[in-house]
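Protein chains: 2
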Amino acid sequence: MYEGAFRILRALGDGRSLSRDDVVRAAGEASSVVREVTERYAKWFEIEEGRIRCSDRGLAALARELVARRAGQTPDSSWREAYEAIAAERSAPKRALDQIFITSGTAVRRAELLIEAGDHQRGLLFLGDDDLTSAALQLAGAGRKVTALDTDDEILGILARNAAGRGWEHETIRHDLRQPTPKAMRARYGAVFTDPPYALEGFRLFVSRAAEMLKPDGRLYVCFGHSRRASERGLQKQRVLTDAGFLVEAVFPDFNEYQGAEAIGSRSALWRCRVTPETRPLVRGEVDGELYTSRSPNS
Amino acid sequence: MYEGAFRILRALGDGRSLSRDDVVRAAGEASSVVREVTERYAKWFEIEEGRIRCSDRGLAALARELVARRAGQTPDSSWREAYEAIAAERSAPKRALDQIFITSGTAVRRAELLIEAGDHQRGLLFLGDDDLTSAALQLAGAGRKVTALDTDDEILGILARNAAGRGWEHETIRHDLRQPTPKAMRARYGAVFTDPPYALEGFRLFVSRAAEMLKPDGRLYVCFGHSRRASERGLQKQRVLTDAGFLVEAVFPDFNEYQGAEAIGSRSALWRCRVTPETRPLVRGEVDGELYTSRSPNS
């Protein structure tokens with residue numbers, strides 16, 4: 323569901339009728355957004371003498387969305403052991419692909435966050451998934467198709483086998499991001515999640531590919547870290563996001579914990595960004611050269 | 323206290339001795355930061371056979387810092403009514419100065435966040451304080467000198483009177499930010515908090531002045547919002563922060579709630595940024611023209 327519509331429905335979910343200004347205050351959405359949503363989804367609202375109320379159809383839509391987001395439920399991470407078993411199918415991290423695996427606690431946190439934000443329902447693509455976050459999301463009960471793109475056959479095989487055995491609606495795509503984005507994948511996804519290579523070239527490429535694959539109202543989740551003593555490296559990546567026209571919506575410090583990665587403190591932040599009218603790839607077409615570096619994060 | 327040192331002391335605060343890699347994992351600080359801190363504050367640590375333990379002096383420093391940050395205490399916002407009484411001393415918001423007041427709930431959240439982050443102890447400056455956040459911080463028991471700079475004599479008078487009557491260590495400075503930054507205020511503050519004008523010119527100026535006033539390891543707290551339909555306005559401000567070399571450390575969406583401001587949804591985000599070696603003012607010296615706009619945020 324469009325996030326602005328969700329927030330307005332939720333503000334009216336107790337059945338009150340509110341003035342437009344009160345809807346603004348309760349939803350935290352601008353009056354122009356309130357106007358747009360009440361016009362675009364007219365059947366969800368009853369408007370009388372300038373006061374807005376949720377219709378039964380609006381309440382039904384809200385209920386479906388809240389259930390999908392698990393609102394009011396205690397997070398259930400009883401699937402964590404199943405995730406650990408799947409993760410154990412991997413061989414050692416492939417340093418040539420900058421693979422550094424997250425902890426299973428991080429997999430749980432990522433799945434919970436994506437579900438609470440409703441992004442599992444918007445057409446969610448993982449750009450690179452050696453962390454098997456897409457599996458965590460399915461184990462958490464995403465209940466919608468999830469797509470994972472990777473260049474590593476081992477990762478894709480683990481995902482495909484588990485999807486077949488467990489009945490997940492899961493799409494796995496073998497693709498090297500140095501190759502141009504397949505036409506069928508452009509502007510198609512409501513959300514992209516990526517924990518891109520440490521090297522700046524790889525980071526820029528992954529962010530650019532995401533820009534091509536996201537819909538105009540899409541969201542980008544991107545993980546990156548840097549040592550306190552190397553803040554300029556973090557700033558380079560912030561500059562890439564800004565240049566690519568992604569608007570930062572939330573930054574969760576220390577969200578991701580890694581097995582290893584002592585050079586950056588074994589943790590990284592999760593940035594959630596929004597597509598804007600200025601979002602564009604900084605890199606197009608085929609790309610040569612190394613994305614993944616055998617150089618250490620501190621070199 | 324330097325944030326990296328705090329996180330390392332806290333990781334060792336249970337008295338364990340840990341390997342360097344385990345300190346990295348527990349503190350979430352890079353191995354190079356662990357090395358720097360254990361050398362710089364050698365008396366806080368005992369190092370034996372490559373394992374690190376907190377000394378009694380280190381534990382004492384940690385205890386002082388944790389108490390100052392109120393760790394383990396339930397936040398006490400019993401002072402909220404006192405804040406409301408002080409806030410009621412103000413006349414109506416001066417639209418010519420883009421004044422839009424926060425709710426008292428937001429004042430409580432700001433004070434709690436600044437205290438938990440330890441920024442009330444690092445030399446904290448408010449650039450503009452029509453919200454009287456510095457008073458909220460004192461009421462919350464900051465216990466250190468806080469500085470508030472404003473051009474509005476009414477605001478400064480309210481702060482000075484309450485400081486005198488309540489025994490706060492409070493400095494009030496009358497200054498128009500269009501004038502050059504006073505020499506004595508340059509590179510002097512460990513943290514700056516600002517809720518700058520909505521207009522981009524004003525935003526750029528406030529961020530630039532903060533860049534001049536912050537120490538090399540300082541932090542900038544800056545509030546801004548934008549409608550979901552005007553994401554490019556948010557992006558312009560993100561670009562200012564990036565160009566000024568501020569590294570985003572955390573973004574708290576919908577953190578600030580305002581009385582009014584329906585055009586942006588009555589809320590704004592709080593961004594916490596770090597000074598980097600590239601931090602620099604985008605505007606220097608005296609500035610002409612209007613910072614504050616009588617144009618509405620949506621025009």
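Residue numbers (our numbering), protein chains in the order written: chain Y, 323 to 621; chain B, 323 to 621. Think of the CB as a built atom: it goes at the ideal place given N, C-alpha and C, for glycine as much as any other residue.
Taking 7 angstroms as the CB-CB limit, is residue i close to chain B?
i: Pro603(Y); result: no
i: Ala352(Y); result: yes
i: Arg417(Y); result: no
i: Val355(Y); result: yes
i: Arg585(Y); result: According to the sequence shown, residue 585(Y) is Ala rather than Arg. Yes, Ala585(Y) counts as interfacial toward chain B.
i: Leu340(Y); result: no
i: Gly335(Y); result: no
For residue i, return the contacting residues in chain B, with the cut-off set at a CB-CB distance below 7 angstroms.
i: Pro575(Y); result: Glu571, Ala572
Write down the C-beta distance between residue i and residue j rounded to the nearest angstrom, noting that I regard them as a contact closer than 8 angstroms.
i: Val514(Y); j: Ala486(Y); result: Not a contact, Cβ separation roughly 24 angstroms.
i: Val573(B); j: Val570(Y); result: 6 angstroms
i: Gly440(B); j: Glu387(B); result: 7 angstroms
i: Glu351(B); j: Gln501(B); result: Not quite, the Cβ-Cβ distance comes to about 40 angstroms (not below 8 angstroms), so this is no contact.
i: Leu331(B); j: Trp366(B); result: 7 angstroms
i: Met535(B); j: Leu447(B); result: 6 angstroms
i: Asn484(Y); j: Ala457(Y); result: 6 angstroms
i: Val562(Y); j: Phe525(Y); result: 6 angstroms
i: Leu419(Y); j: Phe528(Y); result: The Cβ separation is near 12 angstroms, so there is no contact.
i: Ile424(B); j: Pro415(B); result: Their Cβ separation, rounded to whole angstroms, is 11 angstroms, which puts Ile424(B) and Pro415(B) out of contact at 8 angstroms.
For residue i, go through chain Y and note every residue whose CB falls closer than 8 angstroms to its CB, in chain order.
i: Gly394(B); result: What Gly394(B) touches in chain Y: nothing, since even the nearest Cβ is about 20 angstroms away.
i: Ser588(B); result: Val346, Arg347, Gly350
If the cut is a Cβ gap below 9 angstroms, which residues of chain B does residue i touch?
i: Leu471(Y); result: Going along chain B, no residue has its Cβ under 9 angstroms from Leu471(Y), so there is no contact; the nearest lies around 26 angstroms.
Strictly under 7 angstroms for the Cβ-Cβ distance: is residue i near chain Y by that measure?
i: Ala532(B); result: no
i: Gly326(B); result: yes
i: Arg332(B); result: no
i: Ser621(B); result: Annotation note: pLDDT 33 at Ser621(B) (below 50); position unreliable, coordinate value reported separately. It does not; no Cβ of chain Y falls within 7 angstroms.
List the residues of chain Y whose Cβ lies closer than 9 angstroms to the Cβ of residue i, in chain order.
i: Val529(B); result: None at all; the shortest Cβ gap to chain Y is about 14 angstroms.
i: Thr598(B); result: Ser553, Glu554, Gly556, Leu557
Name the chain Y residues that come within less than 7 angstroms of residue i, Cβ to Cβ?
i: Ser400(B); result: What Ser400(B) touches in chain Y: nothing, since even the nearest Cβ is about 26 angstroms away.
Between residue i and the ligand HEM, is there a pair consisting of the residue's CB and a ligand heavy atom that are separated by less than 6 angstroms?
i: Arg510(Y); result: As for the ligand HEM, it is missing from this structure, which has no ligand bound.
* To do: With 8 angstroms as the limit, tell me which residues of the segment 425 to 455 of chain B have their beta carbon closer than that to any beta carbon of chain Y; keep them in chain order.
  => Against chain Y - using a Cβ distance shorter than 8 angstroms - the segment 425 to 455 of chain B contributes no residues.
* Given 8 angstroms, three or more beta-carbon pairs between the segment 465 to 476 of chain Y and the segment 494 to 503 of chain Y -> A contact exists between the segment 465 to 476 of chain Y and the segment 494 to 503 of chain Y.
* To do: Identify each residue in the segment 547 to 572 of chain Y for which the Cβ-Cβ distance to at least one residue of chain A is less than 7 angstroms, and report them in chain order.
  => Annotation note: the requested chain A is absent from the structure, which comprises protein chains Y and B.
* Are the segment 379 to 393 of chain B and the segment 332 to 341 of chain B touching, with three or more C-beta to C-beta distances below 8 angstroms? -> As far as the Cβ criterion goes, the segment 379 to 393 of chain B touches the segment 332 to 341 of chain B, which means the pair count is three or higher.
* Is the segment 357 to 372 of chain B touching the segment 393 to 401 of chain B, taking contact as three or more C-beta pairs under 8 angstroms? -> Contact between the segment 357 to 372 of chain B and the segment 393 to 401 of chain B is absent: fewer than 3 CB-CB pairs across the two stretches fall below 8 angstroms.
* Asked: So does the segment 537 to 553 of chain Y actually touch the segment 584 to 601 of chain Y, counting three or more Cβ pairs closer than 8 angstroms?
  -> Yes: the two stretches touch, three or more of their Cβ pairs being nearer than 8 angstroms.
* Near-chain Y residues of the segment 356 to 372 of chain B (beta-carbon distance less than 8 angstroms), N- to C-terminal order -> Per Cβ criterion, the list reads Glu358.
* **At least three beta-carbon pairs within less than 8 angstroms, the segment 552 to 561 of chain Y to the segment 399 to 411 of chain Y** => The segment 552 to 561 of chain Y vs the segment 399 to 411 of chain Y: no contact.
* Asked: Does the segment 579 to 593 of chain Y come within contact of the segment 496 to 511 of chain Y, defined as at least 3 CB pairs closer than 8 angstroms?
  -> The segment 496 to 511 of chain Y and the segment 579 to 593 of chain Y do not touch, with fewer than three beta-carbon pairs separated by less than 8 angstroms.
* Is there contact between the segment 364 to 376 of chain B and the segment 405 to 412 of chain B, where contact requires at least three CB pairs shorter than 8 angstroms? -> Contact between the segment 364 to 376 of chain B and the segment 405 to 412 of chain B is absent, because fewer than three Cβ pairs lie under 8 angstroms.
* Quick one: any contact between the segment 426 to 445 of chain Y and the segment 462 to 469 of chain Y, if contact means 3 or more CB pairs under 8 angstroms? -> These segments touch.
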